[in-house]
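All remarks here apply to the structure that follows.
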Amino acid sequence: MQYTIISLGILCLIIIIYSYRQVKTLQIRREILHNKATELQGQILDKRYEEILDLAKKNDSSFLSRFKEVYPGFITKLMDINPHLESSELVFCAMLKLNFSSKEIASYTFILHTSVQQRKRRLRRRLNISSEIDIYQFFNKL
């Protein structure tokens, strides 16, 4: 009887150790798969981001639609602030969101640097952005 109890205790201990090792192995596998999935999502976003940058640099008409796919809530938030924004203003805001400098925007959209500065001032008025607030930070927070 005593040997049976000891045998059952040892068997239970072996089962517990085996189960613990299996759970740990599964947790490690799950963590590895999660890391791989995160890495793949990052690669996809990087690829989409690069595509958006290329479209913006080429002043491509499909830029805004692709931008909306990568940043789905951005345009909606802008339209909540001012529902009367025009498509060209949305494109301009998207370029600011992508941190293009005024010179880059002027180069890519074939307008003068001073025109870009003027558009920024108008956009500040239309979106009620104070002059103390950095316009790039404003768009990055949206």
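If you want the working numbering, it's the 1-based position in the sequence shown plus 27.
For glycine and all other residues, C-beta sits at the position ideal for the given N, C-alpha and C.
What residue range is occupied by the uninterrupted alpha helix (DSSP H) comprising residue i?
i	result
H140	140 to 154
F119	114 to 124
E96	90 to 97
I160	Where I160 is concerned, there is no enclosing alpha helix (DSSP H), given that its DSSP letter is neither H nor E.
Could you say which of the options lies nearest to residue i if we only look at CA atoms?
i	options	result
H140	R149, K130, N167	K130
S92	S114, L105, P110	S114
S88	T103, F101, T136, I32	T136
Taking Cβ positions, are residue i and residue j nearer each other than 9 Å?
i	j	result
N167	I108	no
F94	L112	no
I102	F119	no
Which same chain residues, not among the five before or five after residue i, have their C-beta less than 8 Å away from its C-beta?
i	result
I162	L123, K147, L150, R151, I156
V97	L72, R75, Y76, I79
To which residues of the same chain is residue i closer than 7 Å at the C-beta, ignoring the five residues directly before and after it?
i	result
K84	Y135
Q144	S129
F165	I156
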